[in-house]
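Novice: Read in numbering that gives the first Met the number 0, the sequence shown has 176 at position 177, and its numbers run on one by one without any break. Don't be surprised by glycine CBs; every beta carbon is placed ideally from N, CA and C. Here it is, the structure in full.
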Amino acid sequence: MRSFRGADCDTDHYLVIAKVREKLAVGKQAAQRFDRQRFNLRKLNEPEVREQHQIEITNRFAALENLSDDEEVDRTWKNIKENIKTSAKVSLGLHELKQNKPWFDEECLGFLDQRKRAKMQWIQDPNQSNVDNLNNVRREVSRHFRNKKKAYRELNLRNLKLTVRYKILGTCIGASITLRRGTSLDVI
Numbered sequence: 000m001r002s003f004r005g006a007d008c009d010t011d012h013y014l015v016i017a018k019v020r021e022k023l024a025v026g027k028q029a030a031q032r033f034d035r036q037r038f039n040l041r042k043l044n045e046p047e048v049r050e051q052h053q054i055e056i057t058n059r060f061a062a063l064e065n066l067s068d069d070e071e072v073d074r075t076w077k078n079i080k081e082n083i084k085t086s087a088k089v090s091l092g093l094h095e096l097k098q099n100k101p102w103f104d105e106e107c108l109g110f111l112d113q114r115k116r117a118k119m120q121w122i123q124d125p126n127q128s129n130v131d132n133l134n135n136v137r138r139e140v141s142r143h144f145r146n147k148k149k150a151y152r153e154l155n156l157r158n159l160k161l162t163v164r165y166k167i168l169g170t171c172i173g174a175s176i177t178l179r180r181g182t183s184l185d186v187i
């Protein structure tokens, strides 16, 4: 950025010239987060599943060999890709993502939808009653989530106390790591 104080613009401001360089960058995570199916590849370690998957792919490619050779390359690649995906889906199944928040249930989804509706109503008509409504809904949703987390933590703590009481040490160590700091464990 540079200012040209001597430029005559017939105003009390100074002429300013700036060079702007724009660089569009897409984050790696955002680029990889498109909707693709993840298959459960750990099942390939089991011999029966591996054989079933090999048979499935062999059968699908046998059906592809009957197609004519003068097709377009893109269409042929699309057929191969779809056959591999469908055979993997049938024989391996989809990879299920681990749930990070086990306390989050359908009731929590309802609260989230309620908060989203209140926010959309406030965006469309930003008057004081909608602001108050949004704040009340936010407070209610936060209270609900906090209570759900607390109940989940107390249940885990109760289970840990029972585990310690019956002296199953291997599970105690793993469970104690998941507890928050400052949580006391009184077992007698």
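Count the other C-beta atoms from every protein chain shown that fall within 10 angstroms of the C-beta of Ser128, then say buried if there are 16 or more, exposed otherwise.
Specialist: Residue mapping note: residue 128 aligns to position 129 of the sequence shown, counting from 1. Counting Cβ neighbours within 10 Å, Ser128 comes out exposed, since fewer than 16 surround it.
Novice: Beta-carbon within less than 8 Å of Ile56's beta-carbon, same chain only, minus the 5 sequence neighbours each way: which residues are those?
Specialist: The residue labelled residue 56 in the question sits at position 57 within the sequence shown. Only Asn82, Ile83, Ser86 meet the Cβ criterion.
Novice: Cα-Cα, which of Leu91, His94, Ala62 is closest to Leu79?
Specialist: Along the sequence shown, one-based indexing puts residue 79 at 80. Just to set this straight, residue 79 is Ile in the shown sequence, not Leu. It is Ala62 whose Cα lies nearest to the Cα of Ile79.
Novice: How many angstroms separate the CA atom of Asn132 from the CA atom of Glu106?
Specialist: On the sequence shown, residue 132 is found 133 positions in, with the first residue counted as 1. On the sequence shown, residue 106 is found 107 positions in, with the first residue counted as 1. Going by the C-alpha atoms only, they are around 20 Å apart.
Novice: Since Leu14 is in the beta strand (DSSP E), which residue starts that stretch and which ends it?
Specialist: Position 15 of the sequence shown, counted from the start, is the residue given in the question as residue 14. Leu14 -> beta strand (DSSP E) spans 14-16.
Novice: Starting from Arg1 and walking both ways along the beta strand (DSSP E), at which residues does that stretch end?
Specialist: Taking the first residue of the sequence shown as position 1, residue 1 is located at position 2. Arg1 -> beta strand (DSSP E) spans 1-3.
Novice: Please decide whether Glu64 counts as near chain C, where near means a Cβ-Cβ distance under 8 Å.
Specialist: In summary, chain C is missing from the structure at hand, where a single protein chain is found.
Novice: Mind checking which residues open and close the alpha helix (DSSP H) that includes Val48?
Specialist: In the sequence shown, counting from the first residue as 1, residue 48 sits at position 49. 46-64 is the span of the alpha helix (DSSP H), which, as asked, contains Val48.
Novice: In terms of alpha-carbon separation, which member of Met0, Glu21, Val19 lies closest to Tyr13?
Specialist: Start at 1 with the first residue of the sequence shown, and residue 13 comes out as number 14. Ranking Met0, Glu21, Val19 by Cα distance to Tyr13 puts Met0 first.
Novice: Taking the alpha-carbon positions, what's the Val3 to Ile16 distance?
Specialist: In the sequence shown, residue 3 corresponds to position 4, counting from 1. In the sequence shown, residue 16 corresponds to position 17, counting from 1. The residue you asked about is not Val; residue 3 is Phe in the sequence shown. Computed Cα separation, rounded: 8 Å.
Novice: Express the C-alpha separation of Phe60 and Phe103 in angstroms, rounding to a whole number.
Specialist: Counting from 1 along the sequence shown, the entry for residue 103 is found at position 104. Counting from 1 along the sequence shown, the entry for residue 60 is found at position 61. For Phe103 and Phe60, the distance between alpha carbons rounds to 43 Å.
Novice: Does the separation of the CB atoms of Asn44 and Gly92 fall below 8 Å?
Specialist: Residue numbering aside, residue 44 sits at position 45 when the sequence shown is read from its first letter. Residue numbering aside, residue 92 sits at position 93 when the sequence shown is read from its first letter. No. Outside cutoff.
Novice: Give the range of the alpha helix (DSSP H) segment to which His94 is assigned.
Specialist: As a first step, residue 94 is located in the sequence shown; it is residue number 95 there, counting from the start. Looking at the DSSP string, His94 is not in any alpha helix (DSSP H), and its letter there is neither H nor E.
Novice: What's the C-alpha gap between Val19 and Val130?
Specialist: In the sequence shown, counting from the first residue as 1, residue 19 sits at position 20. In the sequence shown, counting from the first residue as 1, residue 130 sits at position 131. So the two alpha carbons sit approximately 39 Å from each other.
Novice: Given a cut-off of 8 Å, decide if Arg114 and Val89 are closer than it, judged by their beta-carbon atoms.
Specialist: Here residue 89 is taken as the residue at index 90 of the sequence shown, counted from 1. Here residue 114 is taken as the residue at index 115 of the sequence shown, counted from 1. For Val89 and Arg114, no; Cβs fall outside 8 Å.
Novice: Could you tell me the distance, in whole angstroms, from the CA atom of Arg152 to the CA atom of Arg137?
Specialist: Taking the sequence shown and counting its residues from 1, the one referred to as residue 152 is at position 153. Taking the sequence shown and counting its residues from 1, the one referred to as residue 137 is at position 138. Taking the straight line joining both Cα atoms gives about 22 Å.
Novice: Going along the chain, which unbroken runs of the beta strand (DSSP E) with 3 or more residues stay wholly within the region 118-174?
Specialist: List check, beta strand (DSSP E) in window: nothing returned.
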